[in-house]
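Just so you know, the sequences run in chain order E and X.
Letter by letter, the first sequence follows residues 2 to 412 of my numbering.
Letter by letter, the second sequence follows residues 2 to 412 of my numbering.
The beta-carbon is built from N, C-alpha and C at its ideal position, and this holds for glycine as well.
Below is one structure, written out as structure tokens; the observations come after it.
Number of protein chains: 2
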Amino acid sequence: MTTAVAPITPAHTTAPPWPQGFISAGIAAGIKKDGSTDLALLTSDGRGSGELSAAAVFTRNLIVAAPIQLSRANLAASGGRVRALLINSGCANAATGDDGMLRAVQSTTALAERLGIDSRSVLVNSTGVIGVALPIDRIKGALDALIAAQQPGSCESFARAIMTTDTRPKWSSRSIHWMDGVTQRNCTVTGVVKGAGMIHPNMATMIAVIATDATLEPDELHGHLRSAVDCSFHRISVDGDTSTNDSVFALASNRAGTAPTAQLAEAFEQVGQELALMVVRDGEGSERGIEVRVTGARTQGDALQVARTVAMSLLVRTAVTGGDPNWGRILAAAGRAGIPFDPNRLRVGAGGIALFADGSPTHAEIGAVRAAFTADCVRIELDLAMGEARDLFWSCGLTKRYVEINADYTT
Amino acid sequence: MTTAVAPITPAHTTAPPWPQGFISAGIAAGIKKDGSTDLALLTSDGRGSGELSAAAVFTRNLIVAAPIQLSRANLAASGGRVRALLINSGCANAATGDDGMLRAVQSTTALAERLGIDSRSVLVNSTGVIGVALPIDRIKGALDALIAAQQPGSCESFARAIMTTDTRPKWSSRSIHWMDGVTQRNCTVTGVVKGAGMIHPNMATMIAVIATDATLEPDELHGHLRSAVDCSFHRISVDGDTSTNDSVFALASNRAGTAPTAQLAEAFEQVGQELALMVVRDGEGSERGIEVRVTGARTQGDALQVARTVAMSLLVRTAVTGGDPNWGRILAAAGRAGIPFDPNRLRVGAGGIALFADGSPTHAEIGAVRAAFTADCVRIELDLAMGEARDLFWSCGLTKRYVEINADYTT
Numbered sequence: 002m003t004t005a006v007a008p009i010t011p012a013h014t015t016a017p018p019w020p021q022g023f024i025s026a027g028i029a030a031g032i033k034k035d036g037s038t039d040l041a042l043l044t045s046d047g048r049g050s051g052e053l054s055a056a057a058v059f060t061r062n063l064i065v066a067a068p069i070q071l072s073r074a075n076l077a078a079s080g081g082r083v084r085a086l087l088i089n090s091g092c093a094n095a096a097t098g099d100d101g102m103l104r105a106v107q108s109t110t111a112l113a114e115r116l117g118i119d120s121r122s123v124l125v126n127s128t129g130v131i132g133v134a135l136p137i138d139r140i141k142g143a144l145d146a147l148i149a150a151q152q153p154g155s156c157e158s159f160a161r162a163i164m165t166t167d168t169r170p171k172w173s174s175r176s177i178h179w180m181d182g183v184t185q186r187n188c189t190v191t192g193v194v195k196g197a198g199m200i201h202p203n204m205a206t207m208i209a210v211i212a213t214d215a216t217l218e219p220d221e222l223h224g225h226l227r228s229a230v231d232c233s234f235h236r237i238s239v240d241g242d243t244s245t246n247d248s249v250f251a252l253a254s255n256r257a258g259t260a261p262t263a264q265l266a267e268a269f270e271q272v273g274q275e276l277a278l279m280v281v282r283d284g285e286g287s288e289r290g291i292e293v294r295v296t297g298a299r300t301q302g303d304a305l306q307v308a309r310t311v312a313m314s315l316l317v318r319t320a321v322t323g324g325d326p327n328w329g330r331i332l333a334a335a336g337r338a339g340i341p342f343d344p345n346r347l348r349v350g351a352g353g354i355a356l357f358a359d360g361s362p363t364h365a366e367i368g369a370v371r372a373a374f375t376a377d378c379v380r381i382e383l384d385l386a387m388g389e390a391r392d393l394f395w396s397c398g399l400t401k402r403y404v405e406i407n408a409d410y411t412t
Numbered sequence: 002m003t004t005a006v007a008p009i010t011p012a013h014t015t016a017p018p019w020p021q022g023f024i025s026a027g028i029a030a031g032i033k034k035d036g037s038t039d040l041a042l043l044t045s046d047g048r049g050s051g052e053l054s055a056a057a058v059f060t061r062n063l064i065v066a067a068p069i070q071l072s073r074a075n076l077a078a079s080g081g082r083v084r085a086l087l088i089n090s091g092c093a094n095a096a097t098g099d100d101g102m103l104r105a106v107q108s109t110t111a112l113a114e115r116l117g118i119d120s121r122s123v124l125v126n127s128t129g130v131i132g133v134a135l136p137i138d139r140i141k142g143a144l145d146a147l148i149a150a151q152q153p154g155s156c157e158s159f160a161r162a163i164m165t166t167d168t169r170p171k172w173s174s175r176s177i178h179w180m181d182g183v184t185q186r187n188c189t190v191t192g193v194v195k196g197a198g199m200i201h202p203n204m205a206t207m208i209a210v211i212a213t214d215a216t217l218e219p220d221e222l223h224g225h226l227r228s229a230v231d232c233s234f235h236r237i238s239v240d241g242d243t244s245t246n247d248s249v250f251a252l253a254s255n256r257a258g259t260a261p262t263a264q265l266a267e268a269f270e271q272v273g274q275e276l277a278l279m280v281v282r283d284g285e286g287s288e289r290g291i292e293v294r295v296t297g298a299r300t301q302g303d304a305l306q307v308a309r310t311v312a313m314s315l316l317v318r319t320a321v322t323g324g325d326p327n328w329g330r331i332l333a334a335a336g337r338a339g340i341p342f343d344p345n346r347l348r349v350g351a352g353g354i355a356l357f358a359d360g361s362p363t364h365a366e367i368g369a370v371r372a373a374f375t376a377d378c379v380r381i382e383l384d385l386a387m388g389e390a391r392d393l394f395w396s397c398g399l400t401k402r403y404v405e406i407n408a409d410y411t412t
């Protein structure tokens with residue numbers, strides 16, 4: 002796992018292309034009331050076998066939406082070799098019982114019929130309001146137009162069609178070059194993501210798709226996805242709530258040949274981290290990012306636990322919103338993380354400035370401290386002085402706007 | 002443990018008296034800048050042995066303020082038999098290193114000298130800003146006046162002097178009557194509390210004092226305190242952050258004889274619950290209480306874990322602030338609590354109205370549902386259908402005012 006600082010601003014301001022072998026589209030099917038695009042399709046371009054290696058990481062929430070259950074089943078049934086990924090926004094098809102599963106199945110069979118493929122080779126997900134029936138007729142009615150709209154190249158229409166309350170589409174891409182004998186080869190890893198926690202009332206959360214043209218067996222792809230998710234989506238939080246529809250899909254078109262494993266792993270991790278940080282930065286009235294970096298832990302698990310506890314503390318998050326260099330709250334949060342350390346050896350800093358050491362405040366120059374707490378991304382550092390392990394976690398300031406978005410709403 | 006609904010409004014609008022055998026005072030020592038009272042003393046009235054049985058439950062935070070460390074040491078050294086409890090507000094004496102401990106010791110020795118007692122029989126705590134030196138000279142200078150101001154009866158001046166950002170003083174009291182042969186006897190349990198989480202920037206949290214005139218060995222008193230804290234202060238949360246100075250003290254004057262154990266336990270639990278709920282209701286811009294009641298769990302621990310997760314979910318708490326009957330968020334929070342249950346057998350309700358059952362929404366009448374979500378205390382019910390165990394947890398709506406209090410502040 003890399004713990005290098007990933008850039009917190011999008012690397013691409015214009016949408017990167019999907020890797021070769023993919024075509025995609027995003028259109029308005031009338032699921033969202035405002036007429037914006039709400040149905041997205043990513044498939045093989047049909048050349049070669051047309052088969053895509055597939056892997057996915059799904060929500061750990063016990064309440065799992067119907068499309069997630071169906072995708073899990075189809076991944077297993079197809080042995081991780083699929084043909085299409087269909088995602089709608091505007092309706093989560095979660096907490097919808099047997100009828101919800103029926104409608105999810107109908108969406109995959111309707112698409113499979115039109116594409117002439119096995120319905121078990123379709124992955125599907127939904128995001129939007131929980132507990133509302135999926136408007137399956139609108140989806141069916143839009144499938145022909147969706148398929149006709151598919152193009153190779155830019156991921157933009159796909160990225161936009163999966164948005165819910167996101168203020169902007171989010172994407173990231175990396176290219177890898179290597180020598181195959183005397184031939185130079187290259188492949189691409191491109192990802193898109195939507196959502197920033199369950200930010201809208203009854204809204205269901207984060208969906209990411211990472212695609213590559215590298216040649217990968219499904220289990221190899223799963224390995225890259227796992228480690229990418231581990232150092233990215235598993236290390237961010239906007240409100241601590243996971244949703245019924247959280248998922249990260251990975252697809253490989255197997256067109257570009259076998260890329261060097263280490264470089265490919267790095268590309269997956271970097272794309273994952275960029276996407277994850279975009280989610281945090283676009284989250285729920287967030288104005289300021291928070292990065293908590295813990296060193297000197299006995300184990301990486303200890304480091305992560307302290308980092309997560311500090312990053313998710315409401316008092317730390319409101320202090321960051323206020324630009325308030327309130328290191329007492331950082332101490333108090335670290336102290337309740339359940340990880341043993343000696344408070345007299347603990348060192349706490351922000352933006353490289355020591356704030357607390359040897360059991361006492363350092364009385365650092367207040368101007369410099371204040372600057373560290375009003376940065377675009379406030380970097381909090383804790384050295385537990387217990388060992389050599391380290392880890393980090395990202396979150397964002399808790400704002401009045403967050404409460405507004407989530408409270409000032411009438412069903 | 003009782004899981005009966007404790008009244009969520011104060012049982013006493015005028016301050017109850019301390020039990021017999023106690024005298025108390027609260028005066029302004031100049032620690033707080035606004036001149037309000039900030040130094041509180043509770044001692045034996047000196048009749049009889051003058052000895053008080055004592056017990057305490059302290060913060061589990063690793064960062065423990067100097068006065069807490071000193072009180073823990075004095076409790077051990079005295080075998081749980083003390084003479085006085087001294088509390089100041091306006092300064093937490095936390096994260097103050099060796100100098101902080103020195104000042105805490107100075108406060109106890111100065112008081113012990115004046116009272117003619119062993120300094121190890123003094124318990125002490127502080128609440129206020131973290132990382133600031135305790136103004137020991139002001140405390141020493143105020144001790145004579147503090148001792149002179151001590152009176153039997155009302156707990157009001159004590160309860161007011163330990164307040165920080167509390168909007169009102171908080172107290173609760175229960176009397177017990179029993180027959181000792183042909184003689185009717187009675188005793189009293191009276192408690193006071195301050196604080197509602199770390200609600201003010203750099204503020205250190207909750208302190209409660211529960212006193213009784215029942216005759217109790219220190220270990221018996223500790224047992225009553227433990228079970229009272231378990232069903233009260235351990236079941237509330239305002240922001241999930243524990244502080245460096247959290248503590249609940251119990252003192253017994255041993256004047257009233259041996260009360261029936263079951264009744265005394267109930268009195269301790271009821272006083273504890275009333276105090277805890279007052280803390281939640283006076284917390285951090287809170288406008289609406291939340292009670293989450295989980296039934297049908299395999300173990301009480303499972304029930305508590307689900308109840309706590311739902312009660313502390315930011316999305317549930319903002320939904321309550323908005324009066325929004327957003328049961329999807331309740332499901333999502335329960336689903337990530339880490340406790341296994343079958344979503345198809347889960348039942349979720351609010352204020353007695355079923356919202357979700359058999360894996361689907363119940364489509365309950367919206368007017369009734371909305372009324373349940375705009376109650377003074379929103380009562381959320383979950384039946385896991387996994388067993389017979391139950392538990393509950395209290396919190397409060399998350400408001401813009403909370404963010405304001407905690408963010409819109411400049412050090």
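- Just measuring C-alpha positions, the residue of Pro261(E), Thr319(E), Ser238(E) sitting nearest Met279(E) is Ser238(E).
- For Gly98(E), the residues of chain X that pass the 9 Å Cβ criterion are Asn345, Asp359, Gly360, Ser361, Pro362, in the order they occur in the chain.
- Taking all protein chains in view, the Cβ of Lys34(X) is surrounded by fewer than 16 other Cβ atoms within 10 Å, so the residue is classified as exposed.
- Short of 7 Å from the beta carbon of Thr213(X), and not among the five residues preceding or following it, lie these beta carbons of its own chain, in chain order: Pro20, Cys188, Thr189, Val190, Ala253.
- Within chain E, Thr319, Thr322, Leu399, Thr400, Lys401, Tyr403, Val404 have C-beta atoms less than 8 Å from the C-beta of Val404(X), given in sequence order.
- In this structure Val317(X) is not in contact with Leu385(X), their Cβ atoms being roughly 17 Å apart against a cut-off of 8 Å.
- Across the structure, Leu103(E) and Ala215(E) are spaced so that their CA atoms are roughly 35 Å apart.
- For the stretch 122-137 of chain X, the set of positions with a beta-carbon nearer than 7 Å to some beta-carbon of chain E reads Ile131, Gly132 in chain order.
- Interface annotation for the stretch 63-97 of chain E against chain X: Leu63, Ile64, Val65, Ala93, Ala95, Ala96, Thr97, criterion Cβ-Cβ distance under 9 Å.
- Gly352(X) and Phe394(X) have their C-alpha atoms roughly 15 Å apart.
- Proximity to Asn75(X) across Ser155(X), Val123(X), Thr300(X), Ala149(X) peaks at Val123(X), based on C-alpha coordinates.
- Taken atom to atom, the span from the alpha-carbon of Leu53(X) to that of Arg84(X) is near 6 Å.
- Close to Phe342(E), with beta-carbon spacing below 8 Å, are these residues of chain X in chain order: Leu63.
- A distance below 8 Å between beta-carbons, with the five flanking residues on each side excluded, links Gly36(E) to the following residues of its chain, in chain order: Ala29.
- Among the CB atoms of chain X, none fall inside 8 Å of the CB of Ala304(E).
- In this structure, DSSP gives Ile340(E) a state outside helix and strand, which the three-state scheme calls coil.
- In the DSSP assignment, His178(E) is bridged to Asn187(E).
- In the displayed model, Gly368(E) falls within a helix according to three-state DSSP.
- In the DSSP assignment, Ser155(X) forms a beta bridge with Pro18(X).
- Take Ala78(E), set aside five residues on each side of it, and the residues of its chain with a beta-carbon closer than 7 Å to its own are Arg121, in chain order.
- For Asn255(E), no Cβ of chain X is located within less than 8 Å of the residue's own Cβ.
- For Leu226(X), no Cβ of chain E is located within less than 8 Å of the residue's own Cβ.
- Looking from the CA of Cys232(E), the closest CA among Gly339(E), Ile118(E), Ser287(E), Val272(E) belongs to Val272(E).
- Classified as buried, Ser248(X) has 16 or more neighbouring CB atoms from the shown chains inside 10 Å of its CB.
- Under the three-state reduction of DSSP output, Val133(E) falls in the coil class, being neither helix nor strand.
- At a Cβ-Cβ threshold of 8 Å, Leu399(X) and Thr300(X) do not count as neighbours.
- Of the candidates Leu135(X), Lys141(X), Asn89(X), Gly91(X), Lys141(X) places its Cα closest to the Cα of Glu114(X).
- Under DSSP, Gly350(X) takes part in a beta bridge, and its partners are Ala355(X), Glu382(X).
- Nearest to Asn126(E) by alpha-carbon distance, out of Ala143(E), Gly132(E), Ser108(E), Trp328(E), is Ser108(E).
- Boundaries of the beta strand (DSSP E) harbouring Ile28(X): 23-28, taken from the DSSP string.
- At a cut-off of 8 Å between C-beta atoms, Leu43(X) does not count as an interface residue with respect to chain E.
- According to DSSP, residue pairing for Phe250(X) in a beta bridge involves Ala57(X), Val210(X).
- Comparing C-alpha distances from Arg48(E) to each of Ile69(E), Gly22(E), Leu40(E), Gly27(E) shows the shortest one belongs to Gly22(E).
- Secondary structure note for Gly101(X): it is in no beta strand (DSSP E), and the uninterrupted alpha helix (DSSP H) holding it is 98-116.
- Per DSSP, the unbroken beta strand (DSSP E) holding Arg391(E) starts and ends at 390-397.
- Here Trp172(X) is bridged, per DSSP, to Val193(X).
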